[in-house]
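Student: Counting along the sequence shown from 1, when you hit position 10 you're at 20 in this note's numbering, and nothing is skipped either side.
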Amino acid sequence: MKSSYELAMERLNKTAPVTKLNAKQKTELAELDSRYAAKIAEREIALNTEITRAAGDAEKEESLRSQLVQERKKLQAELEEKKERVRRGA
11 MKSSYELAME RLNKTAPVTK LNAKQKTELA ELDSRYAAKI AEREIALNTE
61 ITRAAGDAEK EESLRSQLVQ ERKKLQAELE EKKERVRRGA
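1) Quick check: what's the CA-CA separation for residue 13 versus residue 54?
2) Compute the Euclidean distance between the alpha carbons of residue 25 and residue 92, then round it to the nearest angstrom.
3) Can you tell which of 71, 50 and 37 has the C-alpha that lies nearest to the C-alpha of residue 60?
4) Apply the 10 Å Cβ neighbour rule to residue 17 and answer buried if 16 or more other Cβ atoms are within range, or exposed otherwise.
5) Along the chain, where does the alpha helix (DSSP H) containing residue 19 start, and where does it finish?
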């Protein structure tokens, strides 16, 4: 008798089968992760420096923090889009 977990996994595999990645795709995905981690860290460092300089000006600090969040989301979205292209083999 199968558990509900096993049954759910079977149903999931029928609707969205797991694709196997080749070595090239795995390398490309790792490179993308590395490149975007560096981009995100670079922006965080730059904006955190500006936030520190803006200490005392709550409005400017909040604006910079909001900008940091938006840029991080944008870069994460770009990363996921590029990773999906690699997974599809495009």
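Beta carbons: idealized from backbone N, C-alpha and C, even for Gly. Keep in mind it's a predicted model, so treat the numbers as computed, not measured.
Tutor: Taking the coordinates as given:
1) 45 Å
2) 23 Å
3) 71
4) exposed
5) 14 to 25
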